[in-house]
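Please read the structure below before turning to the comments.
2 protein chains.
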Amino acid sequence: MDVKTLCLGLLSRGDYSGYEIRKQFEEGAFSHFQDAGFGSIYPALKRLTEEGLATCSAQAQESRPDKKVYRITPRGREALFEAVNEPPAPDKLRSDFMFVLYFADLVPPRQLDRLIAGRIAHHEEVIARLEAIDLSRRTSEEAFVIRYGIALHRAARDYFETHRHELVGDSIRSGATA
Amino acid sequence: MDVKTLCLGLLSRGDYSGYEIRKQFEEGAFSHFQDAGFGSIYPALKRLTEEGLATCSAQAQESRPDKKVYRITPRGREALFEAVNEPPAPDKLRSDFMFVLYFADLVPPRQLDRLIAGRIAHHEEVIARLEAIDLSRRTSEEAFVIRYGIALHRAARDYFETHRHELVGDSIRSGATA
DNA sequence: AGGTACATGTAAGCTGTTACATGATTTT
DNA sequence: AAAATCATGTAACAGCTTACATGTACCT
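Chains as they are written, first to last, in the numbering used here: chain A, 4 to 181; chain B, 4 to 181.
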């Protein structure tokens with residue numbers, strides 16, 4: 004799924020500027036399974052407009068660049084319909100963190116401990132962010148996906164809390180603290 | 004983490020050919036958090052050799068191309084050490100499947116039901132594959148990562164089994180089957 | 001005085017994917 | 001007879017990331 008389709012999806016639920024779209028990728032309901040930065044969002048919105056899948060209206064603002072608000076067109080909705088009815092490509096996960104853990108014997112115990120603490124904190128953050136979303140204002144599909152995110156991040160957090168001692172516990176207790 | 008470093012990691016646990024490395028990405032302990040195809044593995048191994056991080060010995064085989072077996076060098080081990088002691092980049096997950104679910108109202112209920120059934124089956128497959136790994140032959144770090152994979156895929160499977168009715172249950176029961 | 005949030009965009013570069021090229025052996 | 005497995009590699013392409021370019025307003 005390219006960034007173009009991702010943007011189209013967001014626009015199907017409301018009118019947004021590129022800046023707002025990026026914020027949704029960063030903080031919104033999508034944030035736990037998709038990502039995109041300015042460098043891919045702006046060109047994507049441009050192409051969406053060129054292809055007639057969205058329209059753009061520039062809103063003049065004082066002492067700021069024009070805010071360009073995009074709106075999905077009927078043809079854009081068709082394109083989104085077709086995209087979600089295609090068999091989805093397999094998930095792609097790339098976790099440098101897990102790679103590091105796989106070779107955790109090469110990492111000093113202290114650093115490893117900090118790393119895992121940071122990971123747990125990160126999961127807590129994501130959980131808090133997703134829990135803060137008011138589900139009563141969302142479609143049941145959206146709520147399903149958001150709750151999935153919460154469930155998965157909780158599972159990850161719980162795993163680390165329960166098993167972290169298997170990685171760092173012993174090394175910390177023996178001489179490493181000297 | 005680029006494919007070069009990923010290959011270096013695998014080579015730190017044994018000598019392998021490009022073909023075998025790909026199999027490990029596909030089926031091995033890594034498979035649930037990293038991925039790479041031939042098109043990136045072969046060039047990566049070539050560069051590893053050029054940079055003196057691995058050596059390559061071609062083993063002649065009858066009626067097959069030479070099998071090129073790579074072995075990590077001491078400098079390769081140093082490079083791996085440095086890589087895993089760098090702060091890891093944040094995880095990157097791209098899930099077209101979750102995107103589709105987010106807009107599941109656009110998908111016919113039957114198709115949605117099949118999609119979710121397939122997803123559950125996929126999680127079962129990954130769980131079975133990871134459970135088949137003999138942990139007694141692995142380092143505790145590797146076992147930790149493998150068990151993490153099992154835990155996460157179980158959580159995902161359980162979520163779908165418990166909540167799938169929220170997405171498709173009602174639509175299936177009402178007129179859609181006509 | 002400095003950092004963050006608002007606001008958009010381009011260009012170069014890096015990386016990875018897909019398709020192509022080749023060919024024998026083993027399994028179904 | 002077809003499909004999968006073994007086995008390596010290149011070239012073109014697509015896509016995303018990073019850095020650059022610009023500037024105001026508000027908060028600390």
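C-beta: ideal position from N, C-alpha, C; glycine also.
Contact belief for residue i with residue j at Cβ below 8 Å, rounded distance in angstroms
i	j	result
alanine 37 (chain A)	phenylalanine 102 (chain B)	According to the sequence provided, residue 37 (chain A) is glutamine. The question's alanine does not apply to it. Glutamine 37 (chain A) to phenylalanine 102 (chain B), Cβ: 6 Å. Contact.
glutamate 30 (chain B)	arginine 132 (chain B)	6 Å
leucine 96 (chain A)	leucine 138 (chain B)	Contact flag wrong, Cβ pair sits at about 22 Å.
Rounded C-alpha distance that separates residue i from residue j
i	j	result
leucine 51 (chain B)	alanine 82 (chain B)	10 Å
arginine 176 (chain A)	proline 112 (chain A)	Per-residue confidence for arginine 176 (chain A) stands at a pLDDT of 49, beneath the threshold of 50, marking its modelled position as unreliable; the derived number appears in the next sentence. Near 10 Å, if we compare the C-alpha coordinates of proline 112 (chain A) and arginine 176 (chain A).
threonine 58 (chain B)	cysteine 10 (chain B)	13 Å
alanine 86 (chain B)	alanine 92 (chain B)	11 Å
arginine 160 (chain A)	glycine 55 (chain A)	44 Å
leucine 13 (chain B)	phenylalanine 84 (chain B)	13 Å
proline 90 (chain B)	threonine 76 (chain A)	43 Å
lysine 71 (chain A)	aspartate 5 (chain A)	21 Å
glycine 17 (chain B)	glycine 17 (chain A)	53 Å
glutamine 114 (chain B)	glutamate 144 (chain A)	15 Å
alanine 181 (chain B)	alanine 124 (chain B)	Because the pLDDT at alanine 181 (chain B) is just 37, under 50, the model does not fix this residue reliably, and the value given afterwards should be weighed accordingly. Cα to Cα, the separation comes out at about 27 Å.
glutamate 53 (chain B)	serine 34 (chain B)	27 Å
glycine 152 (chain B)	serine 15 (chain B)	21 Å
With 16 other Cβ atoms within 10 Å as the buried cut-off, status of residue i
i	result
serine 98 (chain A)	buried
tyrosine 22 (chain A)	exposed
glutamate 128 (chain B)	exposed
glutamate 169 (chain A)	exposed
threonine 8 (chain B)	buried
alanine 179 (chain B)	Unreliable positioning characterises alanine 179 (chain B) in this predicted model, as indicated by a pLDDT of 45, which lies under 50. The coordinate reading is nonetheless provided below. Looking at its Cβ environment, which holds fewer than 16 other Cβ atoms inside 10 Å, alanine 179 (chain B) is exposed.
glycine 40 (chain A)	exposed
glutamate 164 (chain A)	exposed
glycine 42 (chain B)	exposed
alanine 120 (chain A)	exposed
arginine 78 (chain B)	exposed
alanine 47 (chain B)	buried
arginine 25 (chain B)	buried
tyrosine 19 (chain B)	buried
Proximal residues of chain B, C-beta to C-beta of residue i below 8 Å
i	result
phenylalanine 106 (chain A)	Gly12, Ser15, Leu83, Val87 and Glu144
valine 110 (chain A)	Val87 and Asn88
Short Cβ contact (9 Å threshold) for residue i with residue j
i	j	result
tyrosine 162 (chain A)	arginine 150 (chain B)	yes
arginine 74 (chain A)	serine 60 (chain A)	yes
alanine 32 (chain B)	isoleucine 136 (chain B)	yes
arginine 122 (chain A)	phenylalanine 106 (chain A)	no
isoleucine 130 (chain B)	arginine 157 (chain B)	yes
aspartate 94 (chain A)	threonine 142 (chain B)	no
leucine 155 (chain A)	phenylalanine 147 (chain B)	no
asparagine 88 (chain A)	valine 110 (chain B)	yes
Contacts of residue i in chain A (Cβ-Cβ under 7 Å)
i	result
glutamate 169 (chain B)	Ser143 and Phe147
alanine 47 (chain B)	By Cβ distance, chain A contributes nothing, its closest Cβ being about 14 Å from alanine 47 (chain B), past 7 Å.
Residues that residue i contacts on chain B, provided the C-beta gap is smaller than 9 Å
i	result
leucine 96 (chain A)	His35, Phe36, Gln37, Asp38, Asp94, Lys95, Leu96, Arg97 and Ser98
histidine 166 (chain A)	Phe147, Arg150, Tyr151 and Ala154
proline 77 (chain A)	Within chain B, no residue comes near proline 77 (chain A); the closest Cβ sits about 14 Å away, beyond 9 Å.
valine 6 (chain A)	Residues of chain B passing the Cβ test: none, with the nearest at roughly 10 Å.
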